[in-house]
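Have a look at the structure below before the remarks.
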Amino acid sequence: MKVLIVTERLNICLAKEQDIHTIIEIENHDDNKRFIWQGTYQEHLDEINDDMALLLTFREKDDNKIVGYALAKINFKFDVFELRRIAISKKGCGYGKESILGIIKYSFEQLNTNRFWLDVYPNNEIGINLYKGIGMHLDGILRQSYKDERGYLDQMIFSILREAYLVDKKCNAEEYIGNY
Numbered sequence: 005m006k007v008l009i010v011t012e013r014l015n016i017c018l019a020k021e022q023d024i025h026t027i028i029e030i031e032n033h034d035d036n037k038r039f040i041w042q043g044t045y046q047e048h049l050d051e052i053n054d055d056m057a058l059l060l061t062f063r064e065k066d067d068n069k070i071v072g073y074a075l076a077k078i079n080f081k082f083d084v085f086e087l088r089r090i091a092i093s094k095k096g097c098g099y100g101k102e103s104i105l106g107i108i109k110y111s112f113e114q115l116n117t118n119r120f121w122l123d124v125y126p127n128n129e130i131g132i133n134l135y136k137g138i139g140m141h142l143d144g145i146l147r148q149s150y151k152d153e154r155g156y157l158d159q160m161i162f163s164i165l166r167e168a169y170l171v172d173k174k175c176n177a178e179e180y181i182g183n184y
């Protein structure tokens, strides 16, 4: 288990093949499946082996239990970090905020990216409130850009630029976006 990011309560690790079944369970949980794409075993295995992808697990420090996961794609040519999926299995503990702040910090401070972005469906009010609450910028809405059994869905694009991250970090030394 390779730990990439350490937060107050979590170790954020590179996923291993043996984690895939847990990741699929998290994706398919009723509280998550309306908001994220569900990958297959083979797709997740390919992500683990892709140099441009990070498949991460969030593990509680006290018992090493997986309480969430994220999938990111990194475009090194353009210094862009795309958070493609994030899901938490242990709701109401603040693990979503803690993990995304740690990932943002890693993106800017370790990978030296210029832009961190994600998309979210408009019906994901918890996610939208989180992204706004940590200072991400709403770049716009891709109208009817995705289709599933519910029909055509919009996707809201949120981002934060390195410049804004560094300003926020400097202005709010104890509470900046990357405090984790």
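In the numbering used here, each number is its position in the sequence shown, counted from 1, plus 4.
Heads up, the beta-carbon is just placed ideally off N, CA and C, and yes, glycines get one too.
Inclusion of phenylalanine 62 and tyrosine 125 in the CB contact set at 8 Å is not warranted, their separation being larger than that value. Beta bridge pairing from DSSP links valine 7 with Cys17. Taking C-beta atoms under 8 Å as the contact rule, threonine 11 and serine 149 fail to qualify, at a distance of about 32 Å. Counting C-beta pairs with one atom in each stretch, the region 72–79 and the region 52–59 have three or more that are closer than 8 Å, which means they touch. Taking C-alpha positions only, arginine 147 is separated from glycine 155 by approximately 12 Å. Counting only runs of 4 or more residues that sit fully inside the region 38–101, the alpha helix (DSSP H) segments are 45–52, in chain order. Boundaries of the alpha helix (DSSP H) around leucine 134: 129–137. The beta carbon of asparagine 118 is closer than 6 Å to those of Asp83 and Arg166 in its chain, skipping five residues each way along the sequence. DSSP, read as helix, strand or coil, puts aspartate 158 in strand. Leu60 is the residue among Cys175, Ile132, Leu60 and Trp41 whose C-alpha sits nearest the C-alpha of glycine 72. In the DSSP assignment, histidine 141 forms a beta bridge with Ser163. Here DSSP, grouped into helix, strand and coil, assigns tyrosine 169 to helix. Between methionine 140 and isoleucine 164, the gap from beta carbon to beta carbon is short of 8 Å. Glutamine 114 has its alpha-carbon roughly 31 Å from the corresponding atom of asparagine 32. Around the C-beta of glutamate 21, fewer than 16 other C-beta atoms lie within 10 Å, and the residue is accordingly described as exposed. Around the CB of isoleucine 145, fewer than 16 other CB atoms lie within 10 Å, so the residue is classed as exposed. Your pair isoleucine 70 and aspartate 23 checks out as a contact, with CB atoms roughly 7 Å apart and the cut at 8 Å.
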